Structures are given as structure tokens and as C-alpha cells.
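In what follows, a structure is listed as C-alpha cells, so that the remarks can point back to it.
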Amino acid sequence: MHELPLLINIAVALVVAFLGGVIARRIGLPPIVGYLMAGIAIGPFTPGFVGDTETISQLAELGVIFLMFGVGLHFSLKDLWKVRSIAIPGATGQIILATLLGFLLSRFWGWSVSAGIILGFAISIASTVVLLRGLMDNGLLNTPHGQAAVGWLVLEDLATVLILVLMPTLASTQNGFNWGQLGLTLLKAAVFVVIALFAGTRLIPWILMRIAHTRSRELFILAILAIALGIALGAAEVFGVSLALGAFVAGVVVSESPLSHQVGAVILPFRDSIAVLFFVSIGMLVNPLYLYNNIGPILALTALIVLGKPITTILMGLIFPWPARTSLVVAAGLSQIGEFSFIVGQAGVALGLLDQSQYSLILAGALLSIMFNPIMYRLIRPTERWLQKVPRFWKVMDRQGVTPSAIEESIENHVVIVGYGRVGRHIITLSGELGIPHLVVEADSQRVEELDRQNVPTLYGDAANSEVLTHAGLKRARALVVAGPDEDANALIVTAARDLAPELPIIARAASEDGTKRLADLGAQDVIHPELEGGLEIVRHTLLELGFPSQEIYRYTDAVRRDHYDMGLNTEEEHRLLHELLEAANSLEVHWFRLTEGNLLVGQTLAQANVRAKTGASVIAILREGHLIANPKSMTVFEVGDRVGLIGETDEIEAAQKLLSESEYVSMNHPGLEWET
């Protein structure tokens, strides 16, 4: 048997991470907690299989590159500018205060100055993954409060890049600060950024467009990987800056391409899978025995992260004129640390600024703070109500006035539409025209912005991969329409919706014949397959042209839909409806004719025309200027342009046609009768 240590380590790490992630989600925690616990399970400090720390750590460097590349790819100066009044002073103030608090706590423990500074930096930076997941799960991502939190986090991410650039200088100046070294480091970083932005923003988008024209997905993926890794490694080797900075700038450069959204979609699986190995490698460094022996410092550090950071945020909300709800949401979202804290800590260990036990303390604080983070979101409303009981404090904190109610609290008897593609757009337009309240759940940021401009109530999040549906008010909704093109995602959404609202009518979109049955089995009352629906529509039009009654045709096509588009006669209902369709066609015909100028019926009442008494056929409807007059009264007057519907058996329709062709009804000089079937 061949020795495959690399493959074995990757396989074991991914399998254990998968199990840990599933368990974490089952108990309501972010998957990152499961990945960290998986790392502890295969680490050198626990019994059983021991992964190769060096091998997995090298793979984890890829995770760092792709994480920072993703940050740069989605970095938006425009979005940051929208929330600048909150994000800029807030992020700057909290980084300074959290770093100071962490430094003071480290001095109490007797740490060195450099180690204390690294600890302060590490706890001042929240996890992007955890924050976005928390905002999405709680329906806050596209609210003003969530946008402020994201802008705040973007600045923290930028601060991380700056910290990583300056850390080598900090390591080389433990015996005295070297301003020359600091200046050289910043100069190298600035030269790299300038060259990358000016040259890269012209060259990289051009390359991606040329690759796109080859119509090869494989080449496109390889181009993205080469750009991300090439710029990151080139920055480190040529300019001596960190891989993280190189990857971030690579993402910013690629974001200038018209294909940036496609790049994001392609890179996401690589980023997520490699990032899993990064978190596993972090967990492998944690010694459970060390955690047990240092439970006091761990709890103190966790309290500083979970309670100290939110308190500083709320206190800043008293100084700056922020909405109170925004302060509380930001406080809850940033009450944790994660991947960027790990990156800073790892860099500190590599530079000799931290020892392994100090790094383990940071890891433990991150693990516990992430576990507590979902609880912090649940405390937003109770904390708000509690603070409102102190009017003076609340008046100072909430200088923006009344905060609008959350969407799930302000909407009812609505239709929930998941997906704002072509199908979703039609449903939303129709709902608006009919005055039906509706709520859209969408995972694409550009579409969410478009919906916001149209003042359409929207929840930003992936309905198939988050808790966002719990905030859509499904129990008070009239229907759920799952209109996305991804059948597997639709299956997850239908399953979750059925658990949340067992009686809710669900209309779902399928992409395959098997999918129609699967979605129906999962609880969707009506499953629509667009391609097969087109075939069924052709059948309907064909039967209409052949003169079959429309009502019977609709009953038959609905039965085919209920049989998941199987055009064979497989059910008793289909046999019965087809038989009734044939009977109706043989005994009853409906004909329409249009009255044009010159027709002698124009100006007569239905009673004066007396069509039924003379032919046996009945006038059942008149279509006038888009309005249907069903079962018209005897005093109804025929007008030019009317479409008149006659119903009767075949011989009666023939008699009516003969009668309406006689000269007393139609002038030979003005043939104004147009027959339609």
C-alpha cells in the first residue's frame, strides 16, 4: 500500500470537521465551533489519531490567502462611505479601547509588552464569518443596523492588514523602537499597493475577459487561483509584505472586473473548503489540559470579549448620535473574535512575540466567544426594553427617534418569495399590482439593493443555508413561493418551511422530473417545472384550437400537474377528466365573435336580438374593453368592438351562425361579423 500522508491528513481533517460542523449546527452554534473542536480531537494533545500539524498548517496558509482574497473581492468603498458616520469612529474607537483593555489585562498576568499588544490586537478584531452568519440568521444583514455592522467590520479587516504589515517591525524593535524599520516596512507596502492597484486594475480585468471568451470554465477557475496565489506570494517574496496583504490587494484588483461576481461564485467553494482546514489547524494547537489549568484567565478573557467589547460599543453610542438599535446590533455582532484573531496570533507566534500557551489562551477565548454569540443576538430586544425603563439614559442613547419595527413584526397575510430571478420578478410585480403584501428573501447583494430602491420588504440571506426563514413570518403568511433555479436548495427551503409552518401553502420550482416528486414529498403543495410547464401549455393551446372547452382543459392540465407532469394516463382522475373532456367536446361548443362597425347587432339589446329563442344557443358573456360581462342582462346593449361568446350544441351554434348571417342582422354592404373559435 502506498504511503499517502498528505492525502490521509486532508481526508481525516475534512471528515472530522464535517462531523464537528454537523454537531455544532444541530445544537445551534456556528460550524466554525465544530471545526475548532475537530482540530482539538485530532491534535497532538488528545488520544487517537494525531494529524500532522506541519502539513495541515501549510495547507491552512491557503485558507488565509483565500479568506483575505474574499475580503478584498467584496470590499466596497461606496458601501463603507454610506455608513461612515458610524463605522469610521466606531471601529477606530473600539480597536483602540479593546487593544488597551487587552494590554492592561495582559500586564496583570505579567506578560511582556509586545505580547500584551498582540493580545489587544487579537481581541479587537471580530470574525467576518461569524458576524455575517449571525446577521443573516437573525434577518439583520440588509437592515441599516446590519449594514453599519458590516461597514464597521470592513474597517477592522483593513486594520488587520495594517497590523500584519507592522508586526515584523514590532518584533525587531523589542530592544528599542526603530523608526527607520517602520518607515521601510510601510514604504514597501505602499509601493506594492500602488503598483498592484494601478497596473493590476488594468491588466487583471483584461485577462479575465479574454479567458471568459474562451468559454472554458476550467481555464477561468485556474486563472482566478493563479491570480490570487501569484499576487499573494509575489507580494511576500518581492516586497517582503505579508501573504494576507497580498491576497487582500489581489481581491481588490479583481473586484474591478465586470466578472467579479462570477469570480466570487467560483472562488467560494475553494475558500470555504480550504478555510475549514485553517480552522482545524487552529484547533490542533489547543491543549485541553492547558485550558483546564488556566480556566480563570480564559473566563476573564472571554468576559472581556463578550461583555467588554459590547459595553464599549454602547458607551460610544452615548457619545455619537447613532440609533440605539444600531448600537445594540453592532455590540452583539462584534462580541466575538475569530479567523483574523487567529491570523494575528499565528503571526505573533511565528515572530516570537507570543508563546504557544499565550496563543492557546486567545484560541480558547475565541472558541467560547463564538459559542456565546448567538445568545447575544437573542438579548438585543430584552436589552432594548430594559434600557427603555431608564428614560434619561435611553433618551441620550436613542437620539435618532423611534426605530422602525423589524420586518417579521410588521408584516402579516403576506406572500414570501424566495429568489428574485425572472420568476420571482413576475410574482413580485403581480403582487404589487394586486395589493398583496409580500416579502422577498434573496442572497444576491445587488438584487437586494435593487429591491431596497423599490421599497420592497427584503431579507438578505441564503434561505437554504441559514436561519433567515425564521424571520420571514411564515406562520402569519398566506403562501410561500420558492422560485430559485437550484433544485437542491429549493428542497432544503421547502423542508425548513414545512417545519416552521406546517399548514402554509408552498409553491416550489423544480428543475427535473424527479425533483417535482421530491419537492412534493417534502411538503410543497404545488410544484412547477418550467420546461414541462411549457409542454403542458402547448397541449392546452392545441386543445383550445381544436375546439375543446377551456374549463375542462384546465381541469385536465391541473390533474397532470398533480401527477408531476406525467402525460401518461396513470391515475383514475386523469382517465375520468379526459372522458369528460371528450364528452364536453362532442356535445358542447363555445364560439366567440367580434362586433365591428356595420354589424346590425350594434345598438340592440340582448332581448331585442333574441338569439336564444331563434337558435337555442345562448349568449353567455361579452368581453368589452378588457372587462368581462358574464351572463349579461337582457337590457345589455351590444357595442362596436364587443366579443360575444355563444354556447350551445353543435347544431345550435350552426343555426346561430346561419341566423347571424341573414340580412336582417348583417348588411351585405357592411359585413361586420368576425367568427372566432
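Going by my numbering, the sequence shown opens with residue 75, and the numbers climb by one from there.
Glycine included, each C-beta is placed from N, C-alpha and C at the ideal position.
Model, not experiment: these values are computed from the prediction.
The beta carbons of Phe-119 and Pro-371 sit no closer together than 9 angstroms.
Taking a cut-off of 8 angstroms for Cβ pairs, the region 209–220 and the region 539–551 touch, as three or more such pairs fall below it. Rounded to the nearest whole angstrom, the CA to CA distance from Ala-565 to Ala-571 is 10 angstroms. Put simply, the backbone Cα of Ile-160 is about 14 angstroms away from that of Asp-472. Boundaries of the beta strand (DSSP E) harbouring Val-555: 553–556, taken from the DSSP string. In this structure, Leu-437 sits away from Ile-341, with a CB-CB distance that is not shorter than 9 angstroms. If you check the CB distance, Ile-485 and Leu-513 come in under 9 angstroms.
Setting aside the 5 residues that flank it on each side, Leu-282 is surrounded in the same chain by Ser-331, Leu-333, each with a C-beta closer than 6 angstroms to its C-beta; the list follows chain order. Pairwise C-beta distances place the region 185–205 in contact with the region 103–116, as three or more of them are shorter than 8 angstroms.
Beta-bridge analysis with DSSP links Ala-695 to Ala-704, Gly-719. With a threshold of 16 other beta carbon atoms within 10 Å, Trp-155 falls short and is exposed. For Thr-217, there is no enclosing beta strand (DSSP E), as DSSP marks it with neither H nor E.
Between Gly-108 and Gly-94 a beta carbon distance of about 3 angstroms is seen, short of the 8 angstroms cut, so the two are scored as contacting.
Judged by beta-carbon spacing, Val-490 lies within the 9 angstroms limit of Val-515, meaning their Cβ atoms are closer than that value.
Three or more beta-carbon pairs separated by less than 8 angstroms link the region 183–193 to the region 416–432, which places the two stretches in contact. If you ignore the 5 residues before and after Asn-83, its C-beta comes within less than 7 angstroms of the C-beta of Gly-125, Asp-126, Thr-129, Ile-130, all in its own chain and listed in chain order. With a contact defined as Cβ atoms closer than 8 angstroms, Ala-377 and Ser-415 miss out at about 16 angstroms.
Taken through DSSP and simplified to helix, strand or coil, Thr-457 comes out as helix.
In the structure shown, Leu-359 falls within a coil segment according to DSSP collapsed to helix, strand and coil. About 28 angstroms separates the beta carbon of Phe-195 from that of Phe-344, a gap too long to meet the 8 angstroms contact definition. Contact between Ser-443 and Ile-379 is confirmed by a C-beta separation of about 4 angstroms, below the 8 angstroms threshold.
Per DSSP, reduced to three states, the secondary structure at Tyr-534 is strand. At least 9 angstroms separates the beta-carbon of Asp-716 from that of Leu-702.
Residue environment analysis places Met-445 among the buried positions, since at least 16 neighbouring C-beta atoms fall within 10 angstroms of its C-beta. By the CB criterion at 9 angstroms, Asn-673 and Phe-712 fall inside the cutoff.
In its chain, beyond the 5 residues on either side, Val-685, Arg-686, Leu-720, Ile-721, Gly-722 have a beta carbon closer than 8 angstroms to the beta carbon of Ser-692. Bounds of any alpha helix (DSSP H) do not take in His-512; it lies within the beta strand (DSSP E) bounded by 512–516. Bridge partners of Ile-139 according to DSSP: none are assigned. If you look at Arg-291, you'll find it isn't in any beta strand (DSSP E); it sits in the alpha helix (DSSP H) that goes 291–312. Looking only at Val-676, Gly-690, Lys-688, the smallest Cα-Cα distance to Val-718 is reached by Val-676.
Around the beta-carbon of Gly-547, 16 or more other beta-carbon atoms lie within 10 Å, marking it buried. Between the C-alpha atoms of Leu-299 and Leu-80 there is a straight-line separation of about 21 angstroms.
A straight-line Cα-Cα distance of about 8 angstroms links Leu-428 and Ile-192. Assigned with DSSP and collapsed to three states, Ile-411 falls in coil, not helix or strand. Here the alpha carbons of Thr-217 and Ala-551 stand approximately 21 angstroms from one another. Assignment of Thr-710 by DSSP, reduced to helix, strand and coil, places it in the coil class.
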